[in-house]
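Visitor:
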Amino acid sequence: MERAIRFKSTADYATSEIQRMILAGELAAGERLDQVRLAEQLDVSRHPIRQAIERLAERGFVLLSPHRSAVVSAHSIADLVELYSLRESLEDMALRASWSSLTAGGLDDVAAIYKRLTAQDPEADLERYMHENRAFHLAFYRDCGNRHLLRTITTLFDLSERYQRTALTTSHRQNQSSDEHAGMMAALRAGHLELLSQRLKAHNRGTQEQVRALLSTSAPATVKV
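The numbering used here applies: residue 3 is where the sequence shown begins, and numbers increase by one.
(1) Could you check the C-alpha separation between H205 and R89 for me, to the nearest Å?
(2) Give the secondary structure of R2 by DSSP, where H, G and I count as helix, E and B as strand, and everything else as coil.
(3) Any chance the region 38 to 45 sits against the region 165 to 184, with 3 or more Cβ pairs inside 8 Å?
(4) In chain order, what residues of the same chain have a beta carbon less than 8 Å from the beta carbon of E272, not counting five sequence neighbours either side?
(5) Quick check: L82 and L195, are their CB atoms within less than 9 Å of each other?
(6) Taking all protein chains shown into account, decide if K226 is buried (16 or more other Cβ within 10 angstroms of its Cβ) or exposed.
(7) Quick one: is M3 buried, meaning 16 or more other Cβ sit within 10 Å of its Cβ, or exposed?
(8) Roughly how many angstroms separate the alpha carbons of R22 and A192, rounded to a whole number?
(9) Excluding the 5 residues flanking A96 on each side, which residues of the same chain have their C-beta closer than 8 Å to its C-beta?
(10) Identify, in the order they occur along the chain, each residue of the same chain with its Cβ nearer than 6 Å to the Cβ of Y165, setting aside the five sequence neighbours on each side.
(11) Classify V213 as helix, strand or coil using the three-state DSSP reduction.
If you want it as structure tokens, here you go:
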């Protein structure tokens, strides 16, 4: 019953759950996706699993081979750079388009989300923290007036979540990120668009720097068969 309420279709449910497992590291980079096992685990047939895998391949979470086997896509510095360079450009465009709404009445909404975010501890409950972090960031762009732009930003943000999680494995980045969020809110409260733009970009670059350092010292992912 809960599944029926939350999702429009079984394929939507399967897509959400498999994406969650990838983001949480339950399905590791390079791991082959076993459709039979996933169907049993999610208590669904194989058809919605196949649909989910195809959707996740379109989103960049999964790689499909010519023989239609599927593996979780790996982290890479090249992918990191591509994602964040796009995010920086598009998010700045959306921020500027949303600015009048943010300053006219949106501040209270963003402040409420920020309050929920600061109440979360990524060490204690990373899933809840990531949920509030996503809501906080997207709140800056949701009134941009361009649904295609917002949808693209949301997709890119979700694709970059694995890198965010990687960065947050260090207490240094957790503390740094918290300070950066506070700085973003201060700029918004001051009504300083250019300062907020600079701080959003610096925040994303901080994540990139942390992930670059971690990826440069880690072994590349291998496919599990």
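By construction, the Cβ of each residue, glycine as well, lies at the ideal position given by its N, Cα and C atoms.
Guide: Let's see:
(1) 12 Å
(2) Coverage of the chain is limited to positions 3 through 227, which leaves residue 2 absent and any answer about it impossible.
(3) no
(4) Lying before the first or after the last residue shown, residue 272 is absent from the chain, which here runs from 3 to 227.
(5) no
(6) Confidence is the limiting factor: at K226 the pLDDT is only 38, short of 50, which leaves the residue's position unreliable and the question unanswerable from this model.
(7) For M3, the predicted model reports a pLDDT of 41, less than 50, meaning its position is unreliable; a value from the coordinates is still stated below. Label assigned to M3: exposed.
(8) 36 Å
(9) F142, Y143, C146, N148, L151, L152 and I155
(10) L82 and V213
(11) helix
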